[in-house]
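Report on one structure; see the data block that follows.
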Amino acid sequence: MKSIRSPLVKAPTRAPTVRAEKLMPKTGHGDGAGEKQGGADGIMESGRQKTLLKTGALQGAIFNSANFSSIATDAKGVIQIFNVGAERMLGYAAAEVMNKITPADISDPQEVIARAKALSVELGTPITPGFEALVFKASRGIEDIYELTYIRKDGSRFPAVVSVTALRDAQDAIIGYLLIGTDNTARKLVEAEQQKLDQRLRDQQFYTRSLIESNIDAIMTTDPRGIITDVNKQMEALTGCTRDELIGAPFKDYFTDPERAEAAIKLVLSEKKVTDYELTACARDGKQTVVSYNATTFYDRGRTLQGVFAAARDVTERKRFEQTLQEKNLELEGANQAKDRFLASMSHELRTPLNAILGFTGTLLMKLPGPLNAEQNKQLSTVQSSSRHLLSLINDLLDLAKIESGKVELLPEPVACKAVLDEVSAALKPLGEAKGLKFETQAPKGEPMVNTDRRALTQILLNLTNNAIKFTDRGAVKIELAQQRDNGLLRTRFTVEDTGVGIAAADQAKLFQAFEQLGVSGARRHEGTGLGLHLSQKLAALLGGRIEFESEAGKGSRFTLVLEER
Amino acid sequence: MGTRILVIEDNPASMELARYVLEAFGYTVSAAVDGETGLDLARAEPPDLVICDLQLPGINGIEVAKRLKAQPALARVPLIAVTAYAMVGDRERVLAAGFDGYISKPIDPQTFVPQIAAFLALRKES
Numbered sequence: 253m254k255s256i257r258s259p260l261v262k263a264p265t266r267a268p269t270v271r272a273e274k275l276m277p278k279t280g281h282g283d284g285a286g287e288k289q290g291g292a293d294g295i296m297e298s299g300r301q302k303t304l305l306k307t308g309a310l311q312g313a314i315f316n317s318a319n320f321s322s323i324a325t326d327a328k329g330v331i332q333i334f335n336v337g338a339e340r341m342l343g344y345a346a347a348e349v350m351n352k353i354t355p356a357d358i359s360d361p362q363e364v365i366a367r368a369k370a371l372s373v374e375l376g377t378p379i380t381p382g383f384e385a386l387v388f389k390a391s392r393g394i395e396d397i398y399e400l401t402y403i404r405k406d407g408s409r410f411p412a413v414v415s416v417t418a419l420r421d422a423q424d425a426i427i428g429y430l431l432i433g434t435d436n437t438a439r440k441l442v443e444a445e446q447q448k449l450d451q452r453l454r455d456q457q458f459y460t461r462s463l464i465e466s467n468i469d470a471i472m473t474t475d476p477r478g479i480i481t482d483v484n485k486q487m488e489a490l491t492g493c494t495r496d497e498l499i500g501a502p503f504k505d506y507f508t509d510p511e512r513a514e515a516a517i518k519l520v521l522s523e524k525k526v527t528d529y530e531l532t533a534c535a536r537d538g539k540q541t542v543v544s545y546n547a548t549t550f551y552d553r554g555r556t557l558q559g560v561f562a563a564a565r566d567v568t569e570r571k572r573f574e575q576t577l578q579e580k581n582l583e584l585e586g587a588n589q590a591k592d593r594f595l596a597s598m599s600h601e602l603r604t605p606l607n608a609i610l611g612f613t614g615t616l617l618m619k620l621p622g623p624l625n626a627e628q629n630k631q632l633s634t635v636q637s638s639s640r641h642l643l644s645l646i647n648d649l650l651d652l653a654k655i656e657s658g659k660v661e662l663l664p665e666p667v668a669c670k671a672v673l674d675e676v677s678a679a680l681k682p683l684g685e686a687k688g689l690k691f692e693t694q695a696p697k698g699e700p701m702v703n704t705d706r707r708a709l710t711q712i713l714l715n716l717t718n719n720a721i722k723f724t725d726r727g728a729v730k731i732e733l734a735q736q737r738d739n740g741l742l743r744t745r746f747t748v749e750d751t752g753v754g755i756a757a758a759d760q761a762k763l764f765q766a767f768e769q770l771g772v773s774g775a776r777r778h779e780g781t782g783l784g785l786h787l788s789q790k791l792a793a794l795l796g797g798r799i800e801f802e803s804e805a806g807k808g809s810r811f812t813l814v815l816e817e818r
Numbered sequence: 005m006g007t008r009i010l011v012i013e014d015n016p017a018s019m020e021l022a023r024y025v026l027e028a029f030g031y032t033v034s035a036a037v038d039g040e041t042g043l044d045l046a047r048a049e050p051p052d053l054v055i056c057d058l059q060l061p062g063i064n065g066i067e068v069a070k071r072l073k074a075q076p077a078l079a080r081v082p083l084i085a086v087t088a089y090a091m092v093g094d095r096e097r098v099l100a101a102g103f104d105g106y107i108s109k110p111i112d113p114q115t116f117v118p119q120i121a122a123f124l125a126l127r128k129e130s
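Just so you know, the protein sequences line up as chains H and R, in that order.
Residue numbers for the first sequence follow my numbering, so the first one is 253 and each next one is one higher.
Residue numbers for the second sequence follow my numbering, so the first one is 5 and each next one is one higher.
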């Protein structure tokens, strides 16, 4: 039954009138539209319609459809036919409504009133809120389909789409109306669902938008050609252009170096990602902003490249900071160079007069100008030793200044320990033996090596050994080398041991301080600058090592340079 | 005429010391107080050895070395820097500039003459 597609079923949308057999006076001869068409087809069509109408098959199909409520009324609106579809949808039995009520009585009264009002305005004539409002248009031959809420017998309601057609007799006089209704509940549900989805989509879009807008970076998307497809407010501020001006324009147009900007897009496309790409944005008013870009490519669900998503961060402040820092560094470097020049000059200027002092003292003591008496010789020797002391002070102070300013350049290299011992021994053994001391070195078998700066190592050992000789009047000075590997740690120990005056426990704390020369009470002040240990300790620290010591006043001291390496 | 040594030195006391020590050991000393004068003297009569300070009025010792070593007649004359520039790296800088030897001030008269004698001996051998 549902599959029937006859011109009659579609009548409301094709023609405003149909002829309903049951209500139509039987004329005995057909008078359908088909008959007027003429020709063979028209005659055949007309013939078939007659057959359908005569047999009542069509009416039967329409009126027995359970899915359409078909309600026919007389001209006044009183229900004459109430089909099974109407019974099913509205819950009334045909007998309960036929010849009793009009369709307006089973419609939402407010809607009927509203419809009457709307139609009155639309058509410019007063329309009574009641059945007239439901059929007025159809009565004027106007095609009419509208939505309406029907009220069931049990009071429940459902949305319906109603199509209204006027029924006319042979003379075209209205004899009634046919209201075909469908239950619109399902469609309404779908519509509601659709609305919900639309709302969700709008929410989602708002969320996405707000994420883009609330970013502190100037954000932009471009298509793969570098044409801007979206921007946020910050991008508008950066360029001084509106969103509408920006979208559709080439990205590169807003930078001082368009080629570099275009290269950025190409780089993103080839690398998929670019970070910290610096560009200078140029706003409409000429204001320039240094920005750092982070950008990636982005894709749709089908993984098709959509373009480039780029975020620019204003790094003007950072740039300014870096600039200032660089200037400060240059200043510092300048100050350092000035200090270096000062040290070099000081060294030069102090040595120049010492050259004459030590030189001529030397020639006199060499008796080059002539013989000296004992007192002259003694006094000149004092001049000589004092001058030498002054020279070592100058040397040590300059060394210290260099260490303090980090100017000591260390060149770690594999150093043969025994060669260093030999060097120290060669330099200081004569000094020790001149004082009547036994001078010895002791080293393990083999060729122990240590990775360190040879010059610094030698200087430390010379200082320690020189001290040992200086503060020892009787006995021996011994330099001992030991090396051992401990859990992968190679520990090298250079120990300088003497049998000299030693250091009282009370004095040990200030041992490594500058200009602290310790002595037992009443003992003569030893020559030396008081900088030796201080310097040695600083050098040892530079080498990553340390100086350990143990001492007992009157018995001697042991100083050990410990170097460790992995 | 003995061995002739040209001393280029602007500090009067240092010049006096060098001259005194060298002459005491029998060398003939010619003195120049700046680089240009020293170069003129060397060109006029090539010495057996040149002692040169680094800090000099006009052209400095490094420049003197370059010019001396650029002249074939003088390139083989031993050129010794005697200087108060005695900080780390100074020796290397001086030798790189073309000097054949480096002695830091203050000099020790006891070792100074033997050092000079050694350079003269080296030159004779070659």
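Glycine residues also receive a C-beta, built at the ideal position from the N, C-alpha and C atoms.
Note that the structure is predicted; figures quoted are calculated from it, not measured.
Counterpart residues of residue i in DSSP-defined beta bridges
| i | result |
| --- | --- |
| residue 87 of chain R | R:108 |
| residue 703 of chain H | H:666 |
| residue 618 of chain H | Residue 618 of chain H is not bridged to any residue. |
| residue 324 of chain H | H:333, H:430 |
| residue 472 of chain H | H:483, H:562 |
| residue 813 of chain H | H:746, H:799 |
| residue 399 of chain H | H:413 |
| residue 458 of chain H | Partner(s): none; residue 458 of chain H has no beta bridge. |
| residue 734 of chain H | H:745 |
| residue 435 of chain H | H:412 |
| residue 540 of chain H | H:534 |
Residue i vs residue j beta-carbon contact at 8 Å
| i | j | result |
| --- | --- | --- |
| residue 613 of chain H | residue 643 of chain H | no |
| residue 88 of chain R | residue 66 of chain R | no |
| residue 476 of chain H | residue 521 of chain H | yes |
| residue 812 of chain H | residue 745 of chain H | yes |
| residue 387 of chain H | residue 344 of chain H | no |
| residue 18 of chain R | residue 604 of chain H | yes |
| residue 123 of chain R | residue 84 of chain R | yes |
| residue 398 of chain H | residue 342 of chain H | no |
| residue 10 of chain R | residue 45 of chain R | yes |
| residue 94 of chain R | residue 61 of chain R | no |
| residue 59 of chain R | residue 600 of chain H | yes |
| residue 753 of chain H | residue 701 of chain H | no |
| residue 548 of chain H | residue 524 of chain H | yes |
| residue 81 of chain R | residue 54 of chain R | yes |
| residue 607 of chain H | residue 111 of chain R | yes |
| residue 211 of chain H | residue 531 of chain H | Not covered by the structure: residue 211 of chain H. The range shown for chain H is 253 to 818. |
| residue 352 of chain H | residue 331 of chain H | yes |
| residue 474 of chain H | residue 481 of chain H | yes |
| residue 543 of chain H | residue 567 of chain H | yes |
| residue 416 of chain H | residue 396 of chain H | yes |
| residue 665 of chain H | residue 640 of chain H | no |
Which listed residue (the options) has its alpha carbon closest to that of residue i
| i | options | result |
| --- | --- | --- |
| residue 468 of chain H | H:562, H:442, H:445, H:435 | H:562 |
| residue 439 of chain H | H:818, H:544, H:413 | H:413 |
| residue 499 of chain H | H:472, H:523, H:514 | H:472 |
| residue 815 of chain H | H:571, H:708, H:357 | H:708 |
| residue 502 of chain H | H:621, H:446, H:560, H:646 | H:560 |
| residue 50 of chain R | R:63, R:64, R:33 | R:33 |
| residue 729 of chain H | H:699, H:680, H:738 | H:680 |
Contact belief for residue i with residue j at Cβ below 8 Å, rounded distance in angstroms
| i | j | result |
| --- | --- | --- |
| residue 564 of chain H | residue 470 of chain H | 4 Å |
| residue 788 of chain H | residue 715 of chain H | 5 Å |
| residue 655 of chain H | residue 794 of chain H | 7 Å |
| residue 337 of chain H | residue 319 of chain H | 6 Å |
Residue i: CB within 7 Å of a non-hydrogen atom of the ligand ADP
| i | result |
| --- | --- |
| residue 721 of chain H | Of ligands this structure carries none, so the ligand ADP is not represented either. |
Mind listing which residues of the stretch 32-52 of chain R have their C-beta closer than 7 Å to chain H's C-betas, in chain order?
Residues passing the 7 Å Cβ filter: none.
Got a sec: which bits of the stretch 15-29 of chain R sit with their beta carbon under 7 Å from any beta carbon on chain H, in order along the chain?
Taking 7 Å as the Cβ-Cβ cut-off against chain H, the residues of the stretch 15-29 of chain R that qualify are 15, 17, 18, 21, 24, 25, 28.
Anything in the stretch 106-126 of chain R with a Cβ closer than 9 Å to a Cβ of chain H? List those residues in chain order, please.
Listed by position along the chain: 108, 109, 110, 111, 112, 113, 114, 116.
Of the residues that make up the stretch 83-98 of chain R, which ones have a beta carbon closer than 9 Å to any beta carbon in chain H?
Those residues of the stretch 83-98 of chain R that come within reach of chain H (Cβ to Cβ, closer than 9 Å) are 86, 87, 88, 89, 90, 91, 92, 93, 94.
Closer than 8 Å, Cβ to Cβ, to anything on chain H: give me those residues from the stretch 48-81 of chain R, in chain order.
Hits within the stretch, in order: 59.
Mind checking the stretch 604-616 of chain H against chain R and listing, in chain order, the residues whose C-beta falls within less than 8 Å of any C-beta there?
The stretch 604-616 of chain H vs chain R, Cβ under 8 Å: 604, 605, 606, 607, 608, 609, 610, 611, 612, 614, 615.
Interface residues of the stretch 621-644 of chain H facing chain R [CB-CB below 7 Å]:
Here the close residues are 643.
Along the stretch 586-600 of chain H, where does the CB come closer than 7 Å to a CB of chain R? Name the residues.
Residues 596, 599, 600.
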